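Convert by adding 3 to the 1-based position in the sequence shown; the result is the number in the numbering used here. What follows is a short report on a single structure.
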Amino acid sequence: MNAKELCEGSRANYANFITWVALDRSNLSAGRQLSVNYFIVAVILFFAQLLFGMIAATQFIFPNFLYDWLDFSVNRMVHINAMIVWMLYGFIGCVYWLLEDESGTEIVGLKLGKLAFGY
Ligand code: HEM
């Protein structure tokens, strides 16, 4: 397999993956496309929360584990802050998901909402 075929293959795999995880947003309204961004960040932060929770739990058992680099109080704080932020992102995503349907209009300040994601 040459480099071009490899590249095309991985592009097709990527497209399949995006469809598989239902991130193909072309059929969604603009508000829902934005809400998917919020859901993605919420899921990433949720996994960050689990990771830091597990590191903190490990430090209960082995107090020296990563002590010099990330002590328990920092892990605990990141664990809880990640939880707060993923929940907020989840709520905001839900609002963007429902807003157009519930209000029967397009979202007026969508550009402002998109600004948070840099586009
Ligand atoms: C892999 C899963 C998880 C692990 C290993 C874990 C571990 C921990 C640890 C070690 C603490 C510190 C407890 C202390 O200071 O005595 C903690 C606190 C906390 N965790 Fe988790 N956690 C997990 C998942 C979650 C989830 C899914 C949530 C909520 C959505 C959550 C919410 C909290 C809250 C609110 C606290 C602070 C409350 C307290 O200290 O009493 N955790 N977690």
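Beta carbons are placed, not taken as given, at the ideal position from N, Cα and C, and that holds for glycine. Just so we're clear, the structure is a prediction, and the values are computed from it rather than from any experiment.
For M90, the CB contacts under 8 Å within the same chain, skipping 5 residues up- and downstream, are A45 in chain order. Under the three-pair Cβ rule at 8 Å, the segment 31–48 counts as touching the segment 93–106.
When DSSP states are grouped into helix, strand and coil, F68 belongs to the coil group. A straight line joining the alpha-carbon of N5 with that of D74 spans about 48 Å. The C-beta distance from A51 to A85 rounds to 5 Å, short enough to fall under 8 Å. Counting of Cβ neighbours within 10 angstroms places F55 among the buried residues, the total reaching 16 or more. The set of residues with CB atoms less than 7 Å from any heavy atom of the ligand HEM reads, in chain order, Q52, L53, G56, M57, A59, A60, F63, R79, H82, I83, M86. For A59, the closest alpha carbon among the candidates M80, D104, E103, L48 is that of M80. Nearest C-alpha to F120 among Q36, E103, L31: Q36.
E103 sits in a helix when the DSSP states are folded into three classes.
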